[in-house]
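Protein chains: 2
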Amino acid sequence: MTPAKGNLVVAQGGGPTAVVNASLYGVVREAAARLDASAGIWGARSGILGVLNRRWMDLRRPDPENWEAIAASPGAALGSCRKMLTDEEAVEAVAVLKAAEVRHFVYIGGNDSMDPALKISQAAAASHYELHVAGAPKTIDNDLPLTDHCPGFGSAARYIAQAAIDLCADVRALPTPVSILEVMGRNAGWLTAATVLARRDPDDGPHLIYVPEAPVSAGRFLRDVERVHARQGWVVVAVSEGLRDENGRSLGGPRDQAAVDGFGHAMPGGVAAAMARLVTAELGLRARSEKPGLCGRACALMASPVDGREARESGQFAAAWAIQGHSGFMASIHRAASGPYAVEYRPVPLAGVANLERRLPPEYVNAERNGVEESYRDYVEPLAGGPLLRYPRLDTGWE
Amino acid sequence: MTPAKGNLVVAQGGGPTAVVNASLYGVVREAAARLDASAGIWGARSGILGVLNRRWMDLRRPDPENWEAIAASPGAALGSCRKMLTDEEAVEAVAVLKAAEVRHFVYIGGNDSMDPALKISQAAAASHYELHVAGAPKTIDNDLPLTDHCPGFGSAARYIAQAAIDLCADVRALPTPVSILEVMGRNAGWLTAATVLARRDPDDGPHLIYVPEAPVSAGRFLRDVERVHARQGWVVVAVSEGLRDENGRSLGGPRDQAAVDGFGHAMPGGVAAAMARLVTAELGLRARSEKPGLCGRACALMASPVDGREARESGQFAAAWAIQGHSGFMASIHRAASGPYAVEYRPVPLAGVANLERRLPPEYVNAERNGVEESYRDYVEPLAGGPLLRYPRLDTGWE
Chain A
117 MTPAKGNLVV AQGGGPTAVV NASLYGVVRE AAARLDASAG IWGARSGILG
167 VLNRRWMDLR RPDPENWEAI AASPGAALGS CRKMLTDEEA VEAVAVLKAA
217 EVRHFVYIGG NDSMDPALKI SQAAAASHYE LHVAGAPKTI DNDLPLTDHC
267 PGFGSAARYI AQAAIDLCAD VRALPTPVSI LEVMGRNAGW LTAATVLARR
317 DPDDGPHLIY VPEAPVSAGR FLRDVERVHA RQGWVVVAVS EGLRDENGRS
367 LGGPRDQAAV DGFGHAMPGG VAAAMARLVT AELGLRARSE KPGLCGRACA
417 LMASPVDGRE ARESGQFAAA WAIQGHSGFM ASIHRAASGP YAVEYRPVPL
467 AGVANLERRL PPEYVNAERN GVEESYRDYV EPLAGGPLLR YPRLDTGWE
Chain B
117 MTPAKGNLVV AQGGGPTAVV NASLYGVVRE AAARLDASAG IWGARSGILG
167 VLNRRWMDLR RPDPENWEAI AASPGAALGS CRKMLTDEEA VEAVAVLKAA
217 EVRHFVYIGG NDSMDPALKI SQAAAASHYE LHVAGAPKTI DNDLPLTDHC
267 PGFGSAARYI AQAAIDLCAD VRALPTPVSI LEVMGRNAGW LTAATVLARR
317 DPDDGPHLIY VPEAPVSAGR FLRDVERVHA RQGWVVVAVS EGLRDENGRS
367 LGGPRDQAAV DGFGHAMPGG VAAAMARLVT AELGLRARSE KPGLCGRACA
417 LMASPVDGRE ARESGQFAAA WAIQGHSGFM ASIHRAASGP YAVEYRPVPL
467 AGVANLERRL PPEYVNAERN GVEESYRDYV EPLAGGPLLR YPRLDTGWE
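So the protein sequences, as listed, match chains A and B. For the first sequence, the numbering used here begins at 117 and goes up steadily by one. For the second sequence, the numbering used here begins at 117 and goes up steadily by one.
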């Protein structure tokens, strides 16, 4: 193929994942293969802010060995931001890119980041500047529309499933019988639901899984805990940080201060701690909560090999398709087959992704609203992509 | 050697660790080598409760291959408890053991568990029943006196140091500039201090490390955060769950509800969430908190090989010394050499360990009370015993 002209800029937006730098490397490698040797391959520092501030880095510089190590590192190697663009800023960004003779722009990010990408593609079109704008998906929340799943999710799913196995191994032997594992996800329960992978035997935990898509009242939650405790004497619960009751209230109740900051604003997280307090207060059971939080999306040790490969490939696809002259799209992952698992990459319009959320479909949630269906295990298992450590038991055969 | 007579009982008390079953296996293996083939090697279910309730399991049954897998599993394979014994219950326990012709009793546990062990050894002596009572140390808190360190600690230290590295990789690229990592430890800061292993380069985190042995006021904490933030734009803090100010109050202030349950009782944990709220309220900086909690002591993937070996060997030492006729002692670890690291096992009196805490010595805490000295790194590094995953950076060379 004839090497393409024009410089390329890549940036990373939103919260990092364990594999977001694999996407970055995919973009850079594909660009190096397709662009003219004189074309720049630049990284913008701190996402779209780096475009507005003209902060570039030459990404042709690191050698492939360094790149392999960077691709396997958590965190956003270029830095990130949560900046949304006004229409004026989008015009300004296009002016900056035009002045730098940039013809290809790839933004690696989630639904919030796809909005600036969309606005820039529209502003470029309006000013008749030929700029090829691509999105590369990235989010542990797995909440982007028009894609089977999102790079970053599989690794976070693997981490939290293993954490649930480990936690259950600890709690089943303990005098503190209730432990509540808080999982990231304000509006979407995909990641929390992935803890179903920890379950294999009938008494395995998590015994109760609550997602934001299926609100539960405090009373219902307490009855669930009571029932599981009566059956087997210990309870592990997985809950999305964004869980609310049917009226949109925190399960900690109106007087719960745990999820409110000094200004009275809702703070992320805290729901598991509030639920543990509730269990102790209402059921008289010792309860505690765990919240690995960011540690779960930054754990390279638990990165899913499948997820890492797809992150890189979706970055490559985004770069390739942009360099071929397309704009205003995101690279999406299509599950082409389930047995064995296989995917294809396809372009989908940024307008169908930007600012939109894809929540967990109701059919994956059980009728009792306290667990997920086995069909969800089939969905998530290949994405977690690595064997989980399971432990033998010595707790049978007591005289 | 002549095989010894009498049955042996082993039990596990207190919170589990990633290597507590390696200690169990050490006891069982040593007992099998030293006891007469007709002697029973029994596990008591749920710690000392299993003795009182006469719940035994035949530990000669699992084959060595199963034992290797069990030894590498987190959680207490026999079940655990936090039961303290009254004098009457200690007499009762001795009667149960005598009736079952048990001559050797090994209790794997921390300072709370060494108290029942001591009481049982005293009750046996008072009733002139020859019972050999041994303690095998176990605690992620590392707070047992008369030992250089405790099995379980090294693995928890390795886990939390890696979690700190991962968290820093995530936060350094983020628009949320402050993250506070809560580490287990109500009274002793050994484990929190181990996050120093995450630091290598000058700007590596955790930038601030707070331990219960060095109380800090909210004002001092906020000034520390402000200073680090001004210098480099992001801050990672490691804090012991038991941190208090100079007046023994939570840093969340008197109106902080986060650490109080429905009865108004203090709940474990919550200090990091309270400190994050404080940072947002007083400094106007976005802040969040992470709390891996029990996940950190149950993560077999991050178990330290050194710790696992010492857990097994201290169990072996406890069993061997008991079977040789000694009683009322705990197996302690003596650091025989530092370069290269080597240990010896020695008996220390249970009376010097039971219910006593060894806190972090002041010389390991820096003068500013917000970090630990390099001498502590030398202490803890060999215990964590495995390489930590470090990540390259791409954040230099910006134009």
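Cβ atoms here follow ideal geometry from the backbone N, Cα and C, with glycine treated the same way. This one's a predicted model, so the numbers in the text were calculated from it and none came from an experiment.
With DSSP run on the structure shown, which of helix, strand or coil describes A/LYS199?
-> One-based indexing of the first sequence puts residue 199 of chain A at position 83. Of the three classes helix, strand and coil, the one that applies to A/LYS199 here is coil, per DSSP.
Measuring only between beta-carbons, confirm whether B/GLU406 sits less than 9 Å from chain A.
-> Walking along the second sequence from the start, residue 406 of chain B turns up at place 290. Yes, contact with chain A.
So is A/ILE449 in contact with chain B if we call contact Cβ pairs under 9 Å?
-> In the first sequence, residue 449 of chain A corresponds to position 333, counting from 1. Cβ-Cβ to chain B under 9 Å: no for A/ILE449.
From the DSSP output, read off the bridge partner residues of B/GLN103.
-> No answer is possible for residue 103 of chain B: the residues shown for chain B start at 117 and end at 515.
Give a yes or no on whether the minimum CB-CB distance between B/LEU290 and chain A is below 9 Å.
-> In the second sequence, residue 290 of chain B corresponds to position 174, counting from 1. Yes, contact with chain A.
Go ahead and pull the three-state DSSP assignment for A/GLY163.
-> If you number the first sequence from 1, residue 163 of chain A lands on position 47. Three-state result, A/GLY163: coil.
For A/VAL125 and A/HIS220, the rounded distance between their alpha carbons = As a working note, residue 220 of chain A is residue 104 in the first sequence. As a working note, residue 125 of chain A is residue 9 in the first sequence. Going by the C-alpha atoms only, they are around 6 Å apart.
Under 8 Å (Cβ pairs) to chain B, residues found in the segment 488 to 511 of chain A | LEU505, TYR507, PRO508, ARG509, LEU510, ASP511
Return the residue from the list A/LEU401, A/VAL344, A/PRO331, A/CYS266 that minimises the CA-CA distance to A/ALA500.
-> Here residue 500 of chain A refers to the residue found at position 384 of the first sequence. Ranking A/LEU401, A/VAL344, A/PRO331, A/CYS266 by Cα distance to A/ALA500 puts A/CYS266 first.
By Cβ distance below 6 Å, which residues in the same chain neighbour A/VAL321 in space, the five residues on each side in sequence not counted?
-> If you number the first sequence from 1, residue 321 of chain A lands on position 205. Reading off the sequence shown, one finds Gly at residue 321 of chain A, where the question assumed Val. Here the set comprises CYS284, VAL352.
How do the segment 304 to 314 of chain A and the segment 416 to 429 of chain A stand: do at least 3 beta-carbon pairs fall below 8 Å, yes or no?
-> Two segments are said to touch when three or more pairs of C-beta atoms, one from each, lie closer than 8 Å; by this definition the segment 304 to 314 of chain A does not touch the segment 416 to 429 of chain A.
Can you name the residues that DSSP bridges to A/ALA458?
-> Counting from 1 along the first sequence, the entry for residue 458 of chain A is found at position 342. Bridge partners of A/ALA458: A/ALA453.
Name, going along the chain, the residues of the segment 420 to 432 of chain A whose beta-carbon falls closer than 7 Å to a beta-carbon of chain B.
-> none
So what's B/ARG339 in DSSP terms, helix, strand or just coil?
-> As a position in the second sequence, residue 339 of chain B is number 223, starting the count at 1. Helix.
Does the distance from the C-beta atom of A/PRO408 to that of B/ALA185 stay below 9 Å?
-> As a first step, residue 408 of chain A is located in the first sequence; it is residue number 292 there, counting from the start. As a first step, residue 185 of chain B is located in the second sequence; it is residue number 69 there, counting from the start. Going by C-beta atoms, A/PRO408 is not nearer than 9 Å to B/ALA185.
Going by the beta-carbon positions, is the gap between B/PRO253 and B/ALA447 smaller than 9 Å?
-> For the purposes of this step, residue 253 of chain B is taken as the residue at position 137 of the second sequence. For the purposes of this step, residue 447 of chain B is taken as the residue at position 331 of the second sequence. Contact: yes.
DSSP on B/ILE157, reduced to helix/strand/coil?
-> Taking the first residue of the second sequence as 1, we reach residue 157 of chain B at position 41. Reduced to three states, the DSSP call for B/ILE157 is strand.
Would you check if the distance between the CB atom of B/LEU417 and the CB atom of A/LEU417 is smaller than 9 Å?
-> The count along the second sequence starts at 1 and reaches residue 417 of chain B at position 301. The count along the first sequence starts at 1 and reaches residue 417 of chain A at position 301. A distance below 9 Å separates the beta carbons of B/LEU417 and A/LEU417.
Determine, using beta carbons only, whether A/ARG98 comes closer than 9 Å to chain B.
-> Since the first and last residues shown for chain A are 117 and 515, residue 98 of chain A lies out of range.
Have a look at A/ARG451 and A/LEU262 and give me their C-alpha separation to the nearest angstrom.
-> Sequence index remark: in the first sequence, residue 451 of chain A carries index 335 (1-based). Sequence index remark: in the first sequence, residue 262 of chain A carries index 146 (1-based). Taking the straight line from one Cα to the other gives about 12 Å.
Residue range of the alpha helix (DSSP H) that includes B/GLY431 = As a working note, residue 431 of chain B is residue 315 in the second sequence. Residues 421 to 439.
Partner residues on chain B for A/ARG365, Cβ-Cβ distance less than 8 Å = By one-based count along the first sequence, residue 365 of chain A stands at place 249. Near A/ARG365 there are no residues of chain B at all, since even the closest Cβ is about 16 Å away, more than 8 Å.
Rounded Cβ spacing between A/VAL294 and A/ALA392 (contact assumed at less than 8 Å) | Taking the first sequence and counting its residues from 1, one reaches residue 294 of chain A at position 178. Taking the first sequence and counting its residues from 1, one reaches residue 392 of chain A at position 276. Sure, about 7 Å apart at Cβ, within 8 Å.
Rounded to whole angstroms, how far is the Cβ of A/ALA548 from the Cβ of B/ALA389, which I believe are closer than 8 Å?
-> No information on residue 548 of chain A is available, as it lies outside the stretch 117 to 515 that chain A covers here.
If you count every other CB in all the chains shown that lies within 10 Å of the CB of A/LYS121, and 16 or more means buried, which is it?
-> Your numbering for residue 121 of chain A matches position 5 in the first sequence. By the 16-neighbour rule on beta-carbons within 10 angstroms, A/LYS121 is exposed.
Would you mind sorting A/VAL341 into buried or exposed? The rule is 16 or more other CB atoms within 10 Å of its CB.
-> Start at 1 with the first residue of the first sequence, and residue 341 of chain A comes out as number 225. Per the 10 Å Cβ criterion, buried.
Would you identify the three-state DSSP class for A/PRO408, choosing helix, strand or coil?
-> Along the first sequence, read from residue 1 onward, the residue named residue 408 of chain A stands at position 292. It is coil, neither helix nor strand.
Element boundaries [alpha helix (DSSP H), containing B/SER271] | Here residue 271 of chain B refers to the residue found at position 155 of the second sequence. That run of the alpha helix (DSSP H) goes 269 to 287.
Which chain B residues are close to A/VAL143, counting only those with a beta carbon under 9 Å from its beta carbon?
-> Taking the first sequence and counting its residues from 1, one reaches residue 143 of chain A at position 27. Simply none; closest approach about 13 Å.
Please determine, among B/ARG315, B/ARG161, B/GLY412, B/GLY131, the residue with the shortest C-alpha to C-alpha distance to B/ASN227.
-> Here residue 227 of chain B refers to the residue found at position 111 when the second sequence is read from its first residue. Looking at the Cα atoms, B/GLY131 is the closest of the given residues.
Exposure of B/GLU484, with buried meaning 16 or more beta-carbon neighbours within 10 Å = Reading the second sequence from its first residue, position 368 is the one you call residue 484 of chain B. Answer is exposed; the Cβ neighbour count stays below 16.
List the residues of chain B that A/ILE186 touches, going by C-beta distances under 9 Å, in chain order.
-> Position 70 of the first sequence, counting from 1, holds the residue named residue 186 of chain A. Residues of chain B passing the Cβ test: TYR507, PRO508, ARG509, LEU510.
Local conformation of A/MET230 per DSSP, three classes | Position 114 of the first sequence, counted from the first residue, corresponds to residue 230 of chain A. Here A/MET230 sits in helix by DSSP.
To which residues does DSSP link A/PRO253 through a beta bridge?
-> By 1-based counting over the first sequence, the position of residue 253 of chain A is 137. Looking at the DSSP assignment, A/PRO253 forms a beta bridge with A/GLY225.
Between the CA atoms of B/VAL222 and B/ALA239 - distance to the nearest angstrom | Within the second sequence, numbered from 1, the residue matching residue 239 of chain B stands at position 123. Within the second sequence, numbered from 1, the residue matching residue 222 of chain B stands at position 106. When rounded, the distance between both Cα atoms is 15 Å.
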